[in-house]
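Comments concern the structure below.
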Amino acid sequence: WSSSQSHDEL
Amino acid sequence: MNIFRLAGDMTHLASVLVLLLKIHTIKSCAGVSLRTQELYAIVFATRYLDIFTSFVSVYNTFMKLVFLGSSFSIVWYMRYHKAVHRTYDREQDTFRHWFLVLPCLVLALLIHEKFTFLEVLWTFSLYLEAVAILPQLVLLQRTRNIDNLTGQYIFLLGGYRGLYILNWIYRYFTEPHFVHWITWIAGLVQTLLYADFFYYYFLRFIGGRGVE
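One line per chain: the protein sequences are A and B, in this order.
Numbering-wise, the working numbering puts 7 at position 5 of the first sequence, and it's gapless, one number per residue.
Numbering-wise, the working numbering puts 70 at position 68 of the second sequence, and it's gapless, one number per residue.
Take a look at the structure:
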């Protein structure tokens with residue numbers, strides 16, 4: 003899994 | 003931000019504005035499922051918990067507040083506003099939507115990107131949003147004919163996630179390491195659930211009559 007950055011989508 | 007995501011957010015915003023318009027101006031929620039609205043309030047409450055901890059942009063924070071505020075006020079209107087509540091079709095809106103919450107929570111505890119409180123709840127909100135429209139679609143089947151505003155609302159709500167899929171495709175090809183299978187699969191399932199609604203909705207456009 004990619005390291006999920008803070009979610010930038012709504 | 004890309005045009006697909008902006009179009010998706012604007013379509014989503016339009017859907018809540020259409021519903022608020024219908025409920026606030028004509029004081030009617032006929033054909034609208036309160037259960038779907040309750041699920042959406044939970045979706046936003048669990049997805050936007052990071053509104054206080056991680057700042058992305060003014061736009062992002064503003065839109066989160068709009069979606070939180072609109073979803074909870076729609077639930078309040080439909081539950082407690084006496085004129086609106088009177089138009090709520092309680093007998094027909096009977097989908098056991100709480101049965102959707104637990105499996106989504108269990109699935110989020112099993113399949114997630116990071117096992118943290120915020121991330122599990124965020125993943126839960128994705129799974130719940132994918133199925134949140136089911137009570138509304140069942141109500142639609144039962145009430146057969148619906149007014150244009152409700153039809154537009156469902157169309158816009160289904161369309162926004164479809165535009166997000168285009169956004170994910172665009173980001174996959176333009177951003178290295180942009181891979182989010184969970185979001186993609188949940189978004190695809192969500193959009194596919196609208197397939198037959200879209201079919202009848204476009205028939206209406208061709209036929210030029212109400213959504214049968």
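Cβ coordinates follow ideal geometry from the N, Cα and C atoms, glycine included.
If you're wondering where the values come from, they're calculated on a predicted model, not measured in any experiment.
Q. Residue 52 of chain B touches chain A at which residues, Cβ-Cβ below 8 Å?
A. Within 8 Å Cβ-Cβ: 8, 9.
### Query
Residue ranges of each alpha helix (DSSP H) run of no fewer than 4 residues wholly in the region 73–100 of chain B, ordered along the chain?
84–88
Item to complete: State the DSSP-derived secondary structure class of residue 148 of chain B, mapped to helix, strand or coil.
Response: strand
*asked:* Strictly below 7 Å CB to CB, what residues from chain A border residue 7 of chain B?
replied: 11
Checklist line | Among B/98, B/170, B/40, nearest to residue 10 of chain A - alpha-carbon criterion | finding: B/170
Legend entry - Contact list for residue 64 of chain B against chain A, beta-carbon separation under 9 Å: The premise fails here: residue 64 of chain B is roughly 10 Å from chain A at the closest Cβ pair, so nothing lies under 9 Å.
TODO: State the Cα-Cα distance for the pair residue 65 of chain B and residue 194 of chain B, rounded to the nearest angstrom.
DONE: 25 Å
The region 24–44 of chain B in contact with the region 77–97 of chain B per 3-pair CB rule at 8 Å | The region 24–44 of chain B makes contact with the region 77–97 of chain B; the number of CB pairs closer than 8 Å reaches 3 or more.
* To do: Determine, using beta carbons only, whether residue 166 of chain B comes closer than 9 Å to chain A.
  => yes
>> In the DSSP assignment, the alpha helix (DSSP H) including residue 196 of chain B goes from what residue to what residue?
In response: Membership of residue 196 of chain B in any alpha helix (DSSP H) is not indicated, and neither H nor E is assigned to it by DSSP.
With H, G and I counted as helix, E and B as strand and the rest as coil, what does DSSP make of residue 13 of chain B?
helix
Subject >> Start-to-end residues for the alpha helix (DSSP H) that takes in residue 47 of chain B >> reply: It spans 36–49 - the alpha helix (DSSP H) in which residue 47 of chain B sits, taken as one unbroken run.
Check: If you follow the alpha helix (DSSP H) that residue 115 of chain B is part of, which residue opens it and which one closes it?
Finding: First-last for residue 115 of chain B: undefined, no H or E at that position.
| query | Should the region 59–79 of chain B be called in touch with the region 146–153 of chain B, which here means at least 3 C-beta pairs below 8 Å? | reply | no
Would you say residue 48 of chain B reaches chain A, if we count a Cβ-Cβ gap shorter than 9 Å as a contact? The Cβ of residue 48 of chain B sits no closer than 9 Å to any Cβ of chain A.
>> Quick check: what's the CA-CA separation for residue 4 of chain B versus residue 8 of chain A?
In response: Straight-line Cα distance between these residues: approximately 18 Å.
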